[in-house]
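Residue numbers (the numbering used here): 1 to 153.
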Amino acid sequence: MRFRGISKLSVDAKGRFALPKNHRDNLEKNGTSELVVTADPTGCVVIYPQPIWHEIEEKLIALPNAVKQTRMVQRLYLGHASEVELDGTGRILLSQELRDYAGLGRRAVLIGQGKKFELWDERTWDIETGKWKQEISALNPADMPAELQNISF
């Protein structure tokens, strides 16, 4: 299961948005309509198919939480996580807490990120992509992780 691409979406007053049909078809083909949504430290909401989330959740739960940074990550990802199911029209309902966390308004951007989606407020997305473009163009290729240096684009 792989997700890619950018879709601009409308979020209704109740916090619902329709997952694009190509993504719904991909989920259906892989036998799932159950998703997990949670907060991400970058200020967006991340959306995982439930089987993928369970793998991540098990790793997070297994971490020793005596370290402050580990507890913070667990609180963010596990504490905000909620299960959602696509309704009959392919919509997802986001909690008010997650909408507030990500500053989601009526316009949003959904981006496929391989095994997950990121959902951004449209204005925030526009601001952040502008920053990323500048940061990427200023990167010295020698400073990139070896894993990225070995990929030809």
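Every residue, glycine too, gets a C-beta built ideally from N, C-alpha and C.
This one's a predicted model, so the numbers in the text were calculated from it and none came from an experiment.
message = Measuring only from the beta carbon, is residue 83 closer than 7 Å to any heavy atom that is part of the ligand ATP?
response = As far as ligands go, the structure on display features none, and thus does not contain the ligand ATP.
key: residue 98 versus residue 110 - alpha carbon distance   = Between residue 98 and residue 110, the alpha-carbon positions lie close to 15 Å from each other.
ask   = Does the beta-carbon distance from residue 89 to residue 18 come in below 8 Å?
value = yes
key: Classification of residue 23 by the beta-carbon crowding that lies within 10 angstroms, buried from 16 upward   = buried
query = Comparing alpha-carbon positions, which option in 3, 135, 59 and 85 lies nearest residue 77?
reply = 59
request  = Just confirm the distance between the C-beta atoms of residue 86 and residue 33, as a whole number of angstroms; I'd bet it's less than 8 Å.
outcome  = Yes, they are in contact, since the Cβ atoms of residue 86 and residue 33 sit about 5 Å apart, within 8 Å.
key: Through-space distance from residue 135 to residue 143, alpha-carbon basis   = 12 Å
query = Using the beta-carbon count (16 or more within 10 Å), is residue 132 buried or exposed?
reply = exposed
ask   = If residue 124 and residue 103 are in contact, beta carbons under 8 Å, what's the gap, nearest whole angstrom?
value = 6 Å
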